[in-house]
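J.: To convert a position in the sequence shown, counted from 1, into my numbering, add 612.
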Amino acid sequence: MKDEIKQRLQKTETWIHGLYMLFFVFVYGLAEFLIVLVMLFQFFSIVLSGNINAQLLKFGQNLAAYVYQIIIFLTFNSEQRPFPFSAWPGEISNHDENKK
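Here is the structure:
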């Protein structure tokens with residue numbers, strides 16, 4: 613039993629995955645901050661101009677997809693490392709099209 617644990621502790625893949633997890637926890641926090649900025653900017657854009665910023669809307673969708681990829685990686689549901697180790701995600705395909 614102790615030999616099995618010792619072998620698992622010596623697996624470099626596990627420790628490398630752990631280091632990537634620490635990196636993506638930091639990136640996740642940064643992404644959360646960016647989401648708040650997008651949210652506030654869109655809110656004030658609607659209040660002041662009456663319109664949603666289309667470019668920021670698309671960025672928000674991509675950012676949401678990116679956060680999803682990070683969460684999937686952090687919870688061991690995927691071995692695929694998110695951006696910058698893979699391509700930046702595209703839009704979420706089933707978002708709400710009924711905007712005011």
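We put the beta carbon where it would ideally sit given N, CA and C, even for glycine.
What residue does the alpha helix (DSSP H) around T626 start on, and which one ends it?
T.: Start and end: T624 to S661.
J.: Grab me the residues of S690's own chain with a C-beta within less than 6 angstroms of its C-beta, minus the 5 sequence neighbours each way, in chain order.
T.: Once the five neighbours on either side are set aside, the close Cβ partners of S690 are I684.
J.: Reducing DSSP to helix, strand and coil, say where S616 ends up.
T.: According to the sequence displayed, residue 616 carries Glu and not Ser. Looking at E616 - three-state DSSP - the assignment turns out to be helix.
J.: Quick one: what does DSSP say G672 is sitting in, helix, strand or coil?
T.: Helix.
J.: Excluding the 5 residues flanking Q654 on each side, which residues of the same chain have their C-beta closer than 8 angstroms to its C-beta?
T.: Answer for Q654: I664, N665, L668, L669 and G672, listed in chain order.
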